[in-house]
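Student:
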Amino acid sequence: MATPRPEETGCQKWIRLTLTFASRHFLPLMAGMSLLVMGLNFDSQGMSGILPHYRDFRQIILSGFDPHAVPQATPTFPMWGYGWVFLITENRLALFLFQNALAVASAYFLVRHLESSGRLQEKSASALKCFLIVSIPWYAFHSVRWPYSTAVSLILLSLLGWVRGMTAPTAGIRGLIASGLAFGLALNFRSDYYLMPVGWALITAAVFNFRIRELRKIAVWTVSVYLMLVPWALYAKKATGHYLLTSTNSGAVLFMGLGTLPDNTWGITPFDGDPLLRSLVKEKFGEVTPYTVYEKDRFLKQEFFKRVADDPGEFARKVFYTFRTLLLGGVYHGEFYESPDCHPDCYRQFTERRIHLFHHPLRIFNYAPSELAAIALHTASALIGIFVVFFSLALSPCTLYVSLKQKDVFFLLLLAILAYQTLLILISNFLNSYMANVYLYHLVNLCYGFQELGKISPSFLKGPLRANGKN
């Protein structure tokens with residue numbers, strides 16, 4: 487056992503021992519936390535309204551990709567990835583175990599990469615591991631029946647394979663192909679990121695000064711990504727008469743996103759039943775819903791761009807308003823209040839009980855231990871998400887400067903992911919589930935940012951953390 491430094495206080499020693507323990511055992515600790523949060527979030531209802539569409543896709547796949555095999559009116563919404571998963575199982579427990587296992591494994595490989603590459607110093611890596619262990623919103627995010635979880639884990643694994651394939655002297659082309667296929671597979675779950683591979687390719691090419699050898703690797707990877715969307719494109723052609731790389735809901739999302747600005751001059755509200763949206767669609771097509779068929783999707787995109795072009799100042803106000811919301815909106819932090827016994831009134835009851843406890847803390851003994859745990863962890867989860875996102879965004883100029891100076895392809899791509907997701911939110915609308923997609927990247931950026939600030943100003947990190955790592 488290492489001898490404590492003479493000047494080490496009791497608090498510093500406790501923090502050092504905690505960081506050391508977390509660093510050595512973070513994988514089983516993450517697994518244990520994932521099981522705990524999985525239990526708390528087991529009855530989550532996030533995106534439950536979309537689940538019937540995935541069951542429809544399962545039937546479409548089994549029918550030989552006949553879009554008319556089920557009486558659904560939206561054959562190209564959402565993406566069909568989760569429908570393929572439903573071919574294997576719809577069981578909530580099985581899906582949660584799979585999603586959490588994939589998430590924990592991808593996070594483990596991420597930490598290993600950051601340590602082995604030297605991008606994070608010992609104390610920063612230990613801090614990241616501790617954050618990961620207590621990242622309640624991250625585990626909650628992977629304990630919902632939705633495609634976000636699988637897509638996020640696949641993209642992270644793709645990023646790690648991509649960076650290794652481009653930087654490791656011994657890396658072969660197979661690893662790059664596998665990385666591209668993983669990203670392409672993720673796009674079959676969530677098509678929001680279908681332009682991101684182009685950004686990755688351009689950034690990486692610039693880092694390597696557009697050398698022919700690296701450009702060939704980039705081309706192989708990029709082709710591998712989009713090859714995975716060929717089956718979807720062929721199916722979309724059969725269903726709509728058009729080759730598509732994405733689902734057909736972006737028009738409605740963009741249009742209703744304009745309504746997130748209160749009292750906007752367009753008179754739009756951010757709801758599916760928005761009166762203006764309904765009247766426009768009915769006037770054009772003679773029927774109101776659904777909005778997610780190909781023709782209506784194109785029409786709503788045109789209406790979105792028309793309104794932005796007619797009043798760019800109002801759109802700028804909308805973007806600024808969304809950014810303010812994003813700064814303190816946090817991420818998806820779980821639905822620990824959900825239960826078959828109280829659904830659909832669980833959230834209201836939970837909120838009332840939590841407020842009552844905060845106002846009357848001496849009545850704590852009137853609450854069951856399980857209810858107290860749910861209240862405490864749900865509150866902590868929300869605060870953790872707000873803290874990580876806010877300070878990650880605040881530190882982004884620092885990490886961007888360092889990454890550009892060092893031509894660090896990993897952190898440049900990580901920041902590109904954060905910028906891409908932020909831009910999507912700003913032009914559409916803010917949902918904390920959207921920010922949860924990039925929570926892990928924000929967490930890494932946060933730790934890296936504090937590390938680099940410590941290098942600029944050593945006194946910045948003088949204190950407890952300095953007892954566990956290099957100066």
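Reminder that position 68 of the sequence shown reads as 554 in this note's numbering, one-by-one numbering, no gaps.
Note that the Cβ used here is the ideal one computed from N, Cα and C, for glycine as well.
Closest by CA to L600, which one among K615, A587, L588?
Tutor: Translated into positions along the sequence shown, residue 600 becomes position 114. Residue K615 is the option with its Cα nearest to L600.
Student: What did DSSP end up calling E493 once you bin it into helix, strand or coil?
Tutor: Numbered from 1 along the sequence shown, position 7 holds the residue referred to as residue 493. Note: E493 maps to coil in three-state DSSP.
Student: Mind checking F822: buried by the 16 CB within 10 Å criterion, or exposed?
Tutor: Sequence index remark: in the sequence shown, residue 822 carries index 336 (1-based). By the neighbour-count rule (16 or more Cβ atoms within 10 Å), F822 is buried.
Student: If we count the other Cβ atoms within 10 Å of its Cβ and call it buried at 16 or more, is K703 buried or exposed?
Tutor: Residue 703 sits at position 217 when you count from the first residue of the sequence shown. Classification for K703: buried.
Student: Measuring only the C-alpha atoms, how far is L912 from G685?
Tutor: As a position in the sequence shown, residue 912 is number 426, starting the count at 1. As a position in the sequence shown, residue 685 is number 199, starting the count at 1. Cα-Cα distance, rounded: 18 Å.
Student: Quick check on L596: buried or exposed, where buried means 16 or more other Cβ atoms within 10 Å of its Cβ?
Tutor: By 1-based counting over the sequence shown, the position of residue 596 is 110. It is buried - the Cβ of L596 has at least 16 other Cβ atoms within 10 Å.
Student: Using DSSP with H/G/I as helix, E/B as strand and the rest coil, what is C884?
Tutor: Translated into the one-based positions of the sequence shown, residue 884 becomes position 398. Correct three-state label for C884: helix.
Student: Would you tell me roughly how many angstroms separate the C-alpha atoms of H864 and L858, rounded to the nearest one?
Tutor: By 1-based counting over the sequence shown, the position of residue 864 is 378. By 1-based counting over the sequence shown, the position of residue 858 is 372. Rounded to the nearest angstrom, the two C-alpha atoms are 10 Å apart.
Student: In the DSSP assignment, the alpha helix (DSSP H) including I969 goes from what residue to what residue?
Tutor: Shown here, the chain extends from 487 to 957; a query on residue 969 therefore has no answer.
Student: Roughly how many angstroms separate the alpha carbons of V779 and K792, rounded to a whole number?
Tutor: If you number the sequence shown from 1, residue 779 lands on position 293. If you number the sequence shown from 1, residue 792 lands on position 306. Going by the C-alpha atoms only, they are around 20 Å apart.
Student: Ignoring anything shorter than 4 residues, give me the alpha helix (DSSP H) runs that lie fully in the stretch 676-717, in order along the chain.
Tutor: Runs found: 682-693, 698-713.
Student: With 16 as the cutoff for other CB atoms within 10 Å, does E781 come out buried or exposed?
Tutor: If you number the sequence shown from 1, residue 781 lands on position 295. Classification of E781: exposed, given that the 10 Å Cβ count is below 16.
Student: Nearest-angstrom Cα distance between G661 and P748?
Tutor: Counted from its first residue, the sequence shown places residue 661 at position 175. Counted from its first residue, the sequence shown places residue 748 at position 262. Approximately 48 Å, taken between the alpha carbons.
Student: Look at the alpha carbon of A866 and the alpha carbon of I622, and state the distance between them as a whole number of angstroms.
Tutor: In the sequence shown, counting from the first residue as 1, residue 866 sits at position 380. In the sequence shown, counting from the first residue as 1, residue 622 sits at position 136. The straight-line gap from Cα to Cα measures roughly 8 Å.
Student: When burial is assigned at 16 or more other CB atoms within 10 Å of the CB, is D542 buried or exposed?
Tutor: Stepping through the sequence shown from its first residue, residue 542 is reached at position 56. Label assigned to D542: buried.
Student: Rounding to the nearest angstrom, what Cα-Cα distance links Y729 and P855 in this structure?
Tutor: Within the sequence shown, the letter at position 243 stands for residue 729. Within the sequence shown, the letter at position 369 stands for residue 855. Those two C-alpha atoms are separated by around 54 Å.
Student: With H, G and I counted as helix, E and B as strand and the rest as coil, what does DSSP make of K956?
Tutor: Taking the sequence shown and counting its residues from 1, the one referred to as residue 956 is at position 470. The pLDDT assigned to K956 is 39, lower than 50, so where the model puts this residue is not dependable, and the model offers no usable value.
Student: For R699, count neighbouring Cβ atoms within 10 angstroms of its own Cβ and tell me buried if that reaches 16, exposed if not.
Tutor: Here the question's residue 699 lines up with position 213 in the sequence shown. Exposed, since its Cβ has fewer than 16 Cβ neighbours within 10 Å.
Student: Using only the alpha-carbon positions, how far apart do Q592 and A922 sit?
Tutor: The residue you call residue 592 lines up with position 106 of the sequence shown. The residue you call residue 922 lines up with position 436 of the sequence shown. The question names Gln, but residue 592 in the sequence shown is Ser. Cα to Cα, the separation comes out at about 16 Å.
Student: Do T734 and T562 have their C-beta atoms within less than 9 Å of each other?
Tutor: Here the question's residue 734 lines up with position 248 in the sequence shown. Here the question's residue 562 lines up with position 76 in the sequence shown. Contact: yes.
Student: Can you give me the Cβ contacts of S878 inside the same chain, cut-off strictly under 6 Å, excluding the 5 residues immediately before and after it?
Tutor: As a working mapping, residue 878 is identified with position 392 in the sequence shown. H928, N931, L932.
Student: Got a sec? Which residues, its chain only, sit under 7 Å from F675 by beta carbon, not counting five neighbours each side?
Tutor: Within the sequence shown, residue 675 is the residue found at index 189, counting from 1. Correct list, in chain order: M565, G567, Y568, P633, T636, A637.
Student: Write down every uninterrupted run of the alpha helix (DSSP H) in the stretch 589-675 whose length is 4 residues or greater and which is fully enclosed by it, in chain order.
Tutor: Those alpha helix (DSSP H) runs which fall completely within the stretch 589-675 and span 4+ residues are 608-619, 622-627, 634-653, 659-673.
Student: Are N915 and P756 close, meaning C-beta to C-beta below 9 Å?
Tutor: Mapped onto the sequence shown, residue 915 falls at position 429. Mapped onto the sequence shown, residue 756 falls at position 270. Contact flag set, yes.
Student: For the stretch 888-908 against the stretch 689-699, are there 3 or more C-beta pairs whose distance is under 8 Å?
Tutor: Yes, since at least three Cβ pairs between the stretch 888-908 and the stretch 689-699 fall closer than 8 Å, the two stretches touch.
Student: Going by Cα to Cα distance, which pick from P798, M682, A613, G727 is closest to L645?
Tutor: The residue given as residue 645 occupies position 159 in the sequence shown. Measuring from the Cα of L645, the nearest candidate turns out to be M682.
Student: If I follow the unbroken alpha helix (DSSP H) through E789, where does it start and stop?
Tutor: Locating residue 789 in the sequence shown gives position 303, counting from the first residue. Unbroken alpha helix (DSSP H) run through E789: 780-796.
Student: With 16 other CB atoms within 10 Å as the buried threshold, where does I574 fall?
Tutor: Numbered from its first residue, the sequence shown carries residue 574 at position 88. Under this definition I574 is an exposed residue.
Student: Assign H928 to one of three DSSP states: helix, strand, or coil.
Tutor: Counted from its first residue, the sequence shown places residue 928 at position 442. In the structure shown, H928 sits in a helix (DSSP, three-state: H, G or I).
Student: Throw me the rounded Cβ distance for the G816 and I872 pair, which I believe falls under 8 Å.
Tutor: Numbered from 1 along the sequence shown, position 330 holds the residue referred to as residue 816. Numbered from 1 along the sequence shown, position 386 holds the residue referred to as residue 872. Going by Cβ atoms, the distance from G816 to I872 rounds to 4 Å, so yes, they are a contact pair.
Student: When you compare each of L513, M524, R510 to A860 by their alpha carbons, which one comes out closest?
Tutor: For the purposes of this step, residue 860 is taken as the residue at position 374 of the sequence shown. Measuring from the Cα of A860, the nearest candidate turns out to be M524.
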